[in-house]
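So the sequence shown is numbered by the working numbering: it starts at 5 and just counts up by one. Beta carbons are placed, not taken as given, at the ideal position from N, Cα and C, and that holds for glycine. The structure appears below as structure tokens.
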Amino acid sequence: MFDIKAKLGFAFVVSFFLFGLILVGQSDALKNPDSLVAAWMLDGDASDSSGNGYDGELTGGGEWMSGMHGMAVVFSNLGDTIQITDFANHVPTEEITIIVWARVDVVQNQDLFSFDPLEINGGRITAHLPWVDAGSAVIWQFGPNGIGAGGIDDSHIGLWEHWAFIHSAAGNYMRVLRNGEQSGMAEMSGTFIHGDGTFHIGGRPGSSFAGAIDDFAIFNTVLGDDEIMALMNDGLMAHIGGGPTAVESSGKAATTWAHLKALK
């Protein structure tokens, strides 16, 4: 079903009218605690800070290090992963935003997140960061569809970047934001059908992710661009853990970029 090279052809069919509608919107999802499905701060463990009980387990390997906001997990070997058992029966099926800080250490075919089995009831929820066989493109797959969103080459090795992966069945689009700016969008939508499967942050059986991951969260709605920027600049804890609000984050973008460059 998933011919990645063929799917990439859809990645650049961008509707500028649709983009204009999305860009100005604010969902206020951060004010609604029910919109947060799971949040893994990765501050020394894989516990879920959402209160929904989707705690993960670090398996295979991995080490804890200083990240963008607190600690982060770094993977280097095949089989290194954080797994969340049976999450394929609880993940959002139509509207979703996944946000994460990630640092790529090796340019290769690899998964940033995925399910095992990879395809469940004819659909996937997967991000390849990158997929070398498709021109080292970043690929976002949800349900039966997938889009390409820019690429990763040797100049990106060791750089922390913030990613937001969005799907809206109601809006009929898929979208990727990279460091708060749109990197890919296409008019397409589908639904993910629940089934039995384990969610993996990082590698999965037979695949790997070489790099570091921090502040991983899943929402059951489309976050506004301003909300994504607030989470990028302030960190998840600031908005779900009683820290400073998005209003108080004014002027922090420069600080974040200085931090990002310092961590190269």
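Inset, instruction - To the nearest angstrom, report how far apart Ile244 and Gly188 are at their CA atoms. - result: Taking the sequence shown and counting its residues from 1, the one referred to as residue 244 is at position 240. Taking the sequence shown and counting its residues from 1, the one referred to as residue 188 is at position 184. Going from the Cα of Ile244 to the Cα of Gly188 covers about 28 Å.
Legend entry - Validate contact between the stretch 50 to 63 and the stretch 84 to 104 using beta carbons, cut 8 Å, 3 pairs: yes
Legend entry - Distance, Phe223 Cα to Pro96 Cα: Position 92 of the sequence shown holds residue 96. Position 219 of the sequence shown holds residue 223. Answer to the nearest angstrom: the Cα atoms are 8 Å apart.
Inset, instruction - Evaluate contact between the stretch 152 to 165 and the stretch 96 to 112, counting only Cβ atoms and requiring at least three cross-stretch pairs below 8 Å. - result: yes
Inset, instruction - Run the proximity test for Tyr58: is its beta-carbon closer than 6 Å to any non-hydrogen atom belonging to the ligand COA? - result: Ligands in the displayed structure: none, and consequently the ligand COA is not present.
Inset, instruction - Please look up how many angstroms separate the CB atoms of Ile205 and Trp44, rounded, as I've assumed it's under 8 Å. - result: The count along the sequence shown starts at 1 and reaches residue 205 at position 201. The count along the sequence shown starts at 1 and reaches residue 44 at position 40. At roughly 7 Å, the Cβ-Cβ gap stays under 8 Å, so Ile205 and Trp44 are in contact.
Legend entry - Segment contact, 8 Å Cβ cut-off, at least three pairs: the stretch 210 to 217 with the stretch 64 to 79: yes
Inset, instruction - Say whether the stretch 139 to 151 touches the stretch 192 to 202, bearing in mind that this needs 3 or more beta-carbon pairs closer than 8 Å, one atom from each stretch. - result: yes
Inset, instruction - Have a look at the DSSP bridge pairing and note the partners of Glu98. - result: In the sequence shown, counting from the first residue as 1, residue 98 sits at position 94. Partner(s): none; Glu98 has no beta bridge.
Inset, instruction - Taking Glu231 as part of the alpha helix (DSSP H), name the residues at either end of that continuous run. - result: Residue numbering aside, residue 231 sits at position 227 when the sequence shown is read from its first letter. Counting along the chain, the alpha helix (DSSP H) containing Glu231 begins and ends at 229 to 238.
Legend entry - For Tyr58 and Ala3, believed in contact at Cβ under 8 Å, the rounded distance: In the structure displayed, the chain extends from 5 to 268; residue 3 sits before or after that span and is not available.
Inset, instruction - Tell me whether Val136 sits in a helix, a strand or coil according to DSSP, three-state version. - result: Taking the sequence shown and counting its residues from 1, one reaches residue 136 at position 132. Val136: helix per DSSP, three-state reduction.
Inset, instruction - Within 10 angstroms of the Cβ of Gly66, are there 16 or more other Cβ atoms? Answer buried if so, exposed if not. - result: For the purposes of this step, residue 66 is taken as residue 62 along the sequence shown, with counting starting at 1. Under this definition Gly66 is a buried residue.
Inset, instruction - Output the residue ranges of the beta strand (DSSP E) runs that lie fully inside the stretch 18 to 90 and measure 3 residues or longer, sorted by chain position. - result: 40 to 44, 61 to 63, 67 to 70, 75 to 79, 85 to 88
Inset, instruction - Quick one: residues in its chain with C-beta nearer than 6 Å to the C-beta of Ile102, no 5 flanking neighbours on either side, listed in chain order? - result: Taking the first residue of the sequence shown as position 1, residue 102 is located at position 98. If we look at Ile102 and ignore the five residues flanking it on each side, its Cβ neighbours are Phe169, Ile222.
Inset, instruction - Give every residue of the same chain whose Cβ lies closer than 7 Å to the Cβ of Trp68, excluding the five residues on either side of it in the sequence, and list them in chain order. - result: As a position in the sequence shown, residue 68 is number 64, starting the count at 1. So the qualifying residues of the chain are Gly48, Met75, Val77.
Inset, instruction - Can you give me the Cβ contacts of Met192 inside the same chain, cut-off strictly under 8 Å, excluding the 5 residues immediately before and after it? - result: Reading the sequence shown from its first residue, position 188 is the one you call residue 192. These residues qualify, in order along the chain: Phe14, Asn149, Ile151, Asn176, Tyr177, Met178.
Legend entry - Local Cβ density within 10 Å of Asn237, reported as buried at 16 or more and exposed below that: Start at 1 with the first residue of the sequence shown, and residue 237 comes out as number 233. The residue is buried, with at least 16 neighbouring Cβ atoms inside 10 Å.
Inset, instruction - Assign His204 to one of three DSSP states: helix, strand, or coil. - result: For the purposes of this step, residue 204 is taken as the residue at position 200 of the sequence shown. In the structure shown, His204 sits in a strand (DSSP, three-state: E or B).
Inset, instruction - Alpha carbon to alpha carbon, how far is Thr202 from Gly60? Give it in angstroms, no decimals. - result: Numbered from 1 along the sequence shown, position 56 holds the residue referred to as residue 60. Numbered from 1 along the sequence shown, position 198 holds the residue referred to as residue 202. Spanning the two alpha carbons is a distance of roughly 10 Å.
Inset, instruction - Please state whether DSSP places Gly150 in a helix, a strand or coil. - result: Within the sequence shown, residue 150 is the residue found at index 146, counting from 1. Here Gly150 sits in strand by DSSP.
Legend entry - Coarse secondary structure for Met241, derived from DSSP in three states: Here residue 241 corresponds to residue number 237 of the sequence shown, with the count starting at 1. Met241: helix per DSSP, three-state reduction.
Inset, instruction - Grab me the residues of Glu98's own chain with a C-beta within less than 6 Å of its C-beta, minus the 5 sequence neighbours each way, in chain order. - result: The residue given as residue 98 occupies position 94 in the sequence shown. Contacts found: Ala173, Thr195.
Legend entry - Met72 to Val180 span [Cα, whole Å]: Stepping through the sequence shown from its first residue, residue 72 is reached at position 68. Stepping through the sequence shown from its first residue, residue 180 is reached at position 176. Each residue's Cα considered, the two are about 20 Å apart.
Inset, instruction - Output yes or no for whether 7 Å exceeds the beta carbon distance between Ala141 and Phe119. - result: Start at 1 with the first residue of the sequence shown, and residue 141 comes out as number 137. Start at 1 with the first residue of the sequence shown, and residue 119 comes out as number 115. Against a cut-off of 7 Å, the Cβ pair of Phe119 and Ala141 comes out as no contact.
Inset, instruction - Can you tell me which of the three DSSP states Ala214 falls into? - result: In the sequence shown, the residue the question calls residue 214 occupies position 210. Three-state result, Ala214: coil.
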